[in-house]
Structures are given as structure tokens and as C-alpha cells.
Amino acid sequence: MGFFDKLTGTKRASSGVAPRSAEEVRAALLGVNGPNVPYVVRNGTSSEGADLVAEWRVREPAWRTFFVRTQLSRTLKTRMRLVPANHEVRALDEQWEVTWVGDTPRLARSREYARGQVTTVSRQWKVERGADGRLHRTEVFRFDPAEMKTPLQDAVLGAGWTWRAVVFKL
């Protein structure tokens, strides 16, 4: 792995792994789906401009600030295009965040949109007094894009293909 590969998030298969067909790679990526994963991998639509899409919708636990209930909704979508000629999967991440305020949710601010390679981990903590009287911090929420992207990358690399992270265009 070269410097630019590390910088862009591109991962290459081990040299001893023979590349499989595009149909086998597609099946391996769709095989990442399961009842115990918080995301879905599906065929892409023509409007999405992708062969496959992995999508994760998250609604973080609500919290109260100054007697106002606030909640954050987040969607992470990884669009993937298979390029059989180069034995690579080109992947582009898109993330939307919407903040809702009040008991009857209303949009607090416009959607925030990020495109490229999303790597930001979001966590929410709760601080409480324990039985010993000391303050303890407990994680109540965690959103880590690697929980979705790592299995996808492993499926691609296991098939002998390259995972090419892109920023602008599939």
C-alpha cells in the first residue's frame, strides 16, 4: 500500500488472491446483509448511479437541553460501482444529518451533507453516580462508519479486488 492509497482510503487485495468475477464480488457484497447488522446492502438505482448501495440510518437517543428535547437523525450511504476491467470497486460515501427539536419534532436547522470518505465516529455518554458515590461515565450511543465499511472492504479484498475510495465521482 502506497502513501496515496493510505491517504485516499484505497485498499488492495493481497498479491496471492486471484481476482474473482464481478458476479461473485456482487454476491459477496450482498452477502454482508444479515439480521444482526444495522445497515442494508442493496442494488443501486439508476438515479443513484451505482451498482450497489450500503445504507445505514441512525436515530440517536434524544437528549434534553434547557427543557427542550433534541434528537439527531443520521444517514450514511456508501455507493459502490464495480469496475471489472480493473478488478476494483469504487466507493463514495454520503452522509446526511438532521437535528430535530421539541416534543413534536420540527427541523432545527437544515440538513448537513458530507460527501467523500466518512470516517468520523460519534459517541454519546451519560455521567451518573455509582453505588460507591463516584461519578462514572457510560457510553449510551456510538456511530462508527467502520462497522459498515470494514465488512464491505473485507468482502471486496477477499475476492481479490481493490477497494478504491473516491471523493467526487464513481
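Residues in the sequence shown are numbered consecutively from 0, following numbering that gives the first Met the number 0.
A virtual CB, placed ideally from N, CA and C, is assigned to each residue, including glycine.
Contact check, residue i vs residue j, beta carbons under 9 Å
i: T7; j: V126; result: no
i: R78; j: E111; result: no
i: A96; j: K76; result: Per the sequence presented here, residue 96 reads as Glu, with Ala not at that position. Cβ distance not < 9 Å, so E96 and K76 don't count as in contact.
i: D92; j: K148; result: yes
Inter-residue spacing [alpha-carbon to alpha-carbon] between residue i and residue j
i: Q94; j: L28; result: 20 Å
i: V52; j: Q116; result: 14 Å
i: R163; j: K10; result: 7 Å
i: P34; j: G43; result: 20 Å
i: V36; j: F2; result: 32 Å
i: D153; j: L134; result: 40 Å
i: L12; j: D131; result: Checking the sequence, you will find Ala at residue 12 rather than Leu. About 51 Å.
i: Q123; j: T137; result: 9 Å
i: R56; j: L156; result: 25 Å
i: A49; j: G30; result: 17 Å
i: E22; j: N85; result: 14 Å
i: V39; j: T74; result: 12 Å
i: S45; j: R80; result: 12 Å
i: V120; j: S72; result: 15 Å
i: R141; j: S14; result: 35 Å
i: A90; j: K168; result: 9 Å
Burial state of residue i (16 or more Cβ within 10 Å)
i: W160; result: buried
i: R128; result: exposed
i: L151; result: buried
i: V16; result: exposed
i: S109; result: Any answer about S109 is weak, because its pLDDT of 49 lies below 50 and its placement is not dependable; what the coordinates show is given next. With fewer than 16 Cβ atoms within 10 Å of its Cβ, S109 is classed as exposed.
i: A26; result: exposed
i: A113; result: exposed
Assumed close pair residue i, residue j - CB separation to whole angstroms, cut-off 8 Å
i: V88; j: V24; result: 7 Å
i: R19; j: A145; result: Contact flag wrong, Cβ pair sits at about 24 Å.
Those residues which DSSP pairs with residue i across a bridge
i: E146; result: E146 is not bridged to any residue.
i: A17; result: According to DSSP, A17 bridges with nothing at all.
i: Q116; result: Answer is none; Q116 lacks a bridge partner.
i: D92; result: T77, G115
i: E87; result: V82, T161
i: V36; result: DSSP output for V36 lists no bridge partner at all.
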